[in-house]
Amino acid sequence: MVGVGIDAIEIHTGKLCLDLGETFAPEMGDDPDKYRKGLGLYTSSFPDSYEDIVTMGANAAHRLMKRTGRTPADIGRIDVATESAFDNSKPVSTYIAGCLEQVFETTFHHANKGERKFACIAGTQSLDDAYNWIRAGRHRGRSALVIATDTALYARGDAGEATQGAGAVAMLISEDPSLVELSPEQGYGSADETDFLKPNQQFPSVDGKRSVQVYLSRMREALQDYESVAGDTHPDDFAFIPFHTPFPGMVRKAGLLGYRHVIRDTGVEEELAAEIGRQPRPEAFDDDQTYLDAVSEYTDALKETTRYQEWYEQVIEPTLNISRYVGNWYTGSVHVARASALKHALEQDRELTGDRLLVASYGSGAQAEIHTETVQDGWKEEIAAFDIDEHLDARHDITFEEYERIHDIHNHDIKSEDVEEFTTPSDEFVFDGWGRMGERKYKFV
Ligand code: CAA
1 MVGVGIDAIE
11 IHTGKLCLDL
21 GETFAPEMGD
31 DPDKYRKGLG
41 LYTSSFPDSY
51 EDIVTMGANA
61 AHRLMKRTGR
71 TPADIGRIDV
81 ATESAFDNSK
91 PVSTYIAGCL
101 EQVFETTFHH
111 ANKGERKFAC
121 IAGTQSLDDA
131 YNWIRAGRHR
141 GRSALVIATD
151 TALYARGDAG
161 EATQGAGAVA
171 MLISEDPSLV
181 ELSPEQGYGS
191 ADETDFLKPN
201 QQFPSVDGKR
211 SVQVYLSRMR
221 EALQDYESVA
231 GDTHPDDFAF
241 IPFHTPFPGM
251 VRKAGLLGYR
261 HVIRDTGVEE
271 ELAAEIGRQP
281 RPEAFDDDQT
291 YLDAVSEYTD
301 ALKETTRYQE
311 WYEQVIEPTL
321 NISRYVGNWY
331 TGSVHVARAS
341 ALKHALEQDR
351 ELTGDRLLVA
361 SYGSGAQAEI
371 HTETVQDGWK
381 EEIAAFDIDE
391 HLDARHDITF
401 EEYERIHDIH
411 NHDIKSEDVE
421 EFTTPSDEFV
431 FDGWGRMGER
441 KYKFV
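In the UniProt record's numbering, the protein residues as written are 1 to 445.
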């Protein structure tokens, strides 16, 4: 069976940069360490006045197609995952295809287009759709273009404001891919939850503390479900574990609970027993609360062990390198985490071909999904072409007053008079005003 997976990847970051510790924290009356150490975020990306989910997605897709020498004839479907859509009928993929048709000589009229919604997990679901389409043999030798694009803005004053971000990830899904091959095995944890939602409103209604617990619960279910089909996992099985990363502090919690789960009944648990004891088992306790207290005590001790800290430093920490500087990109965030880890491996001159990643996606509302990916022998070339650092460095730093202005400009309920640009667009798609039916228009400059 020919493998299917990610052949190439490009990332477009929003072009403005807000320093959370220096600029945001003092205005909120917060200690900068709440952001840098607690949430694990230094800066976040924001869209300039001429950027939105379409321009960011189209710019990432354009760079991807140009770099890999693809034309519209090579693409059989375009799926966009977003939770920031501005149209309940016309999908963002049609706008993006329209943009790309301005710069390619041929069209995407033959390509199936759609839009996927399930909060942040929709990016991974679009990957799945592309995988299934190719596996079903309906692709006629073509690739799928999957684009995860979001402006993750919260209402001013919401606790989530600290975790905002904006950017897009474009991925080419093909047979015999250069970067990673996806496993057919998957695990799900899915339940009707009201942790984070946008009932026909731009900014989310969020129960932040509960959302953290729901993330962890669904993730545990997904891991158990994955193991039920793929067999038990072991911490040494995976080179990296990219998680959906709303903020790195969330992944710190998920990584610890995941590690506790996967070492149970392994030699690692036995080795650690001399130092911190074995994990509590429910049958040894008279009531649930005493058992949960014992588990919590064990987890705290596990976190302090050298063995766990070394594993975390190697397997999880490198997935967070980009996220710390861009914030939450919702649908794109787990795909940024994967790219971040592979980039780190290249910089460390590590050989990864044949190694596996455990990829852990999550969307509020709520669903977690876990699958594995096997790194392919073209990974170094593909990741070497990746110029995210340049784009991050080129961002324009904004003051708090400029942040307030840009938040208003992107607020659908505010008609901003002052829509001055902070940066000068070049060689990219930009928002170009409104059409006669209320559609958004775009041009390449
Ligand atoms: N030094 C070091 N650490 C500090 C600190 C300081 N001076 N001050 C605070 N901290 C730590 C806190 O102890 C806390 O860490 P722990 O959780 O490990 O204890 C961390 O910094 C954050 O502090 P608070 O909990 O006080 O922060 P908050 O209540 O203002 O907001 C939040 C946290 C609820 C997660 C909020 O950012 C939020 O609502 N975010 C949006 C929702 C979200 O991202 N949820 C994640 C799961 S849902 C999901 O993943 C989907 C998605 O993309 C949205």
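Yeah, the Cβ is synthetic: ideal placement off N, Cα and C, and Gly gets one too.
Relative to T149, the option among A159, Y131, A170, R142 whose CA is nearest is A170. Listed in chain order, the non-local C-beta contacts of V262 below 7 angstroms within the same chain comprise T233, H234, P235, local neighbours out to five positions each way being set aside. Around the beta carbon of R63, 16 or more other beta carbons lie within 10 angstroms, which makes this residue buried. Counting the other Cβ atoms within 10 Å of the Cβ of N200 gives fewer than 16, which makes it exposed. In terms of side-chain proximity, the C-beta atom of C99 is found no nearer than 6 angstroms to any non-hydrogen atom of the ligand CAA. T372 is a Cβ neighbour of L358, given a cutoff of 7 angstroms.
For N328, the CB falls within less than 6 angstroms of some heavy atom of the ligand CAA. Cβ neighbours of P32 within its own chain (closer than 6 angstroms, five residues either side excluded): G21, A25.
The C-beta distance from T163 to L16 rounds to 16 angstroms, too long to meet the 8 angstroms contact threshold. Taking 4 residues as the shortest admissible run, the stretch 77-131 contains the following complete alpha helix (DSSP H) segments, listed from N- to C-terminal end: 92-103. Apart from the 5 residues on each side of it in sequence, T245 sits with its Cβ closer than 6 angstroms to the Cβ of V251, S323, S333, A337 in its chain, given in chain order. With respect to K441, D432 sits close: the two C-beta atoms are nearer than 7 angstroms. Here Y188 carries a strand assignment [DSSP, helix/strand/coil].
Going by C-alpha positions, W434 is about 28 angstroms away from D397. Closest by C-alpha distance to G208, out of N321, D79, G438, D195, is D195.
D74: not part of any beta strand (DSSP E); DSSP gives it neither H nor E.
Distance between Q309 and C99, taken at the CA atoms: about 46 angstroms. Taking 6 angstroms as the cut-off, the C-beta of A159 counts as close to a heavy atom of the ligand CAA. By a beta-carbon distance limit of 8 angstroms, D79 does not contact D7. Their separation comes to about 15 angstroms. Residue pairing for Q202: DSSP places it in no beta bridge. Our two residues, H110 and V4, have alpha carbons roughly 22 angstroms apart in a direct line. Straight-line measurement puts the Cα of E101 at about 34 angstroms from the Cα of A360. Remark: the C-beta of T163 is in contact range of the ligand CAA, defined as less than 6 angstroms to any heavy atom.
Just measuring C-alpha positions, the residue of L292, E369, A85 sitting nearest P204 is A85. In this structure, G57 and I96 form a Cβ contact; the two beta carbons are roughly 5 angstroms apart against a cut-off of 8 angstroms.
With 16 or more neighbouring CB atoms inside 10 Å of its own CB, K380 falls in the buried class. Taking all protein chains in view, the Cβ of P282 is surrounded by fewer than 16 other Cβ atoms within 10 Å, so the residue is classified as exposed. For the pair A222 and F46, the CB atoms are not nearer than the 7 angstroms cut-off. Nearest to A191 by alpha-carbon distance, out of L346, R220, R395, R350, is R220. Straight across, the Cα-Cα distance linking G187 with Q224 is about 7 angstroms.
Relative to the ligand CAA, K117 has its C-beta separated by 6 angstroms or more from all heavy atoms.
Listed as beta-bridge partners of A168 by DSSP are H12, T149. Under the three-state reduction of DSSP, Q367 is assigned to strand. By the Cβ neighbour-count rule, L41 is buried, with 16 or more other Cβ atoms within 10 Å of its own.
When rounded, the separation of the alpha-carbon atoms in H407 and T305 is 43 angstroms. Annotation: the continuous beta strand (DSSP E) that includes T43 extends over 43-46.
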